[in-house]
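Residue numbers in the sequence shown follow our numbering, run continuously in steps of one, and reach 241 at the last position.
Built from N, CA and C at the ideal position, the CB exists for glycine as well.
Everything below concerns the one structure shown next.
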Amino acid sequence: MKTNYLFLSAIALLGGLLGGSSTAQAQVNLKSISVGASYWKPSLDYWNKSSMLLDYNAGKGATFSGGIMPSAAIEVGLTKGLSVGGRVGYWKNSVSGDVSIGGTNRSEKLTLSIIPVSLDLKYTFGETAGSDAKGPFLTPYLGVSVARYFINNDFSRQVVGNTGSVSEKQSGSNYGVQAFVGAEKKLVKKLFLALDVRYHLGSYNQVVRSETSSTTQKVSLNGLEAGLSLKVKFK
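This is the structure we're talking about:
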């Protein structure tokens, strides 16, 4: 509840800054928009260490690996060096395998997708006045984020040699935080290339059902993300 209040308060603060007096609006400006791609490897500890996936492929197991995540972001300048922004990404991965239980062979697949949406507070060091000004070779920055992770999974099972099949989808969301550092380099006029490294801290609760019962398992989203983005700067 406290994290939920913090997230909503931060959004309200951003809305207030953008919708305030003419004096405030003179200081707040659209700073940049960007698109990028990064490699993110969330822990997913339950799935990779304790779940039914360990029985896949004749007991050899199956685990989720890291994957490429496209993203888009917008940044609003507040004062020199300080800005807030929004960022959304899309990560998807799947595991599959064959399982044999009681003489019955079946083929199973689990597809997991995660959409992290973050509200970033960022400080850029040694920033020059305007995207056209000549600046340093690299401009470093750091920041923190309040994030919400939207989770979807799609499980399917097909009994080999039989018409029996199962298809089940689940969805939910939870909050987390991120810390990030990076640097950007000017390419031409208003176009910049940025290297961004961030660490995710978060988790979600997964309902796991069997034929006779159901349990709730905590799944960690902790993990390192690193990638590149192309940024168009307006200020």
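Please return the same chain residues whose Cβ sits closer than 8 Å to the Cβ of residue i, not counting the five positions on each side in sequence.
| i | result |
| --- | --- |
| Lys224 | Tyr52, Ser209, Tyr210, Asn211 and Gln212 |
| Pro76 | Val41, Gly42, Ala43, Gly95 and Tyr96 |
| Ser71 | Lys47 and Asn99 |
| Asn228 | Pro48, Ser49, Tyr205, His206, Leu207, Gly208 and Ser209 |
Looking at the C-beta of residue i, does it have a partner C-beta in chain D at a distance below 8 Å?
| i | result |
| --- | --- |
| Leu234 | The chain labelled as chain D is not found in the depicted structure, where only one protein chain is given. |
Can you check which of these residues, the options, is closest to residue i by C-alpha distance?
| i | options | result |
| --- | --- | --- |
| Ser38 | Gly233, Gly170 and Arg93 | Arg93 |
| Thr62 | Gly91, Leu116, Leu36 and Gly87 | The sequence shown places Tyr at residue 62, not Thr. Minimum Cα distance to Tyr62 is reached at Leu116. |
| Gly65 | Asn35, Ser106, Ser173 and Ser77 | Ser106 |
| Gly188 | Leu144, Lys196, Val194 and Arg163 | Leu144 |
| Ser151 | Pro142, Gly109, Lys191 and Phe186 | Phe186 |
| Met58 | Gly72, Gly132, Phe240 and Ser113 | Ser113 |
| Gln176 | Ser235, Leu193 and Asn158 | Asn158 |
| Thr110 | Leu125, Tyr147, Leu193 and Gly170 | Gly170 |
| Ser98 | Pro48, Val183 and Leu118 | Here the sequence assigns Lys to residue 98, which means Ser is not the residue at that position. Here the closest residue by C-alpha is Leu118. |
| Gly108 | Phe156, Glu190 and Val165 | Val165 |
| Ala153 | Tyr181, Leu60 and Ser102 | Tyr181 |
| Asp160 | Val101, Gln184 and Ser124 | Val101 |
| Ser124 | Gly132, Leu88 and Ala79 | Ala79 |
Within 10 angstroms of its Cβ, does residue i collect 16 or more other Cβ (buried), or is it exposed?
| i | result |
| --- | --- |
| Thr130 | buried |
| Pro122 | buried |
| Arg215 | exposed |
| Gly83 | buried |
| Ile4 | Past the edges of the chain, shown from 7 to 241, lies residue 4, and the structure says nothing about it. |
| Ile74 | exposed |
| Asn168 | exposed |
| Lys86 | exposed |
| Glu174 | exposed |
Using a Cβ-Cβ cut-off of 7 Å (strictly less than) and excluding sequence neighbours within five positions of residue i, which residues of its own chain qualify?
| i | result |
| --- | --- |
| Thr221 | Val214 |
| Gly233 | Gly42, Ala43, Ser44, Tyr45 and Asp202 |
| Lys239 | Lys37, Ser38, Ser137, Lys196 and Phe198 |
Within the same chain, show all residues whose beta-carbon is closer than 6 Å to that of residue i, passing over the 5 residues directly before and after it, in chain order.
| i | result |
| --- | --- |
| Ser235 | Ser40, Gly42 and Ala200 |
| Leu230 | Tyr205 |
| Val172 | Arg163 |
| Asp104 | Ser113 |
| Ser226 | Ser49, Asp51 and Ser209 |
| Gly149 | Asp126, Leu127, Lys128 and Phe186 |
| Thr69 | Asn54 |
Hey, which unbroken runs of the beta strand (DSSP E) at 3 residues or more fall wholly within the stretch 194-232? 197-215 and 220-226
Could you give the uninterrupted runs of the beta strand (DSSP E) lying entirely in the stretch 24-109, keeping only those of 3 residues or more? 35-46, 73-85, 88-95 and 97-107
In chain order, each alpha helix (DSSP H) run of at least 4 residues that lies wholly inside the stretch 143-198: The qualifying runs do not exist here; there are none.
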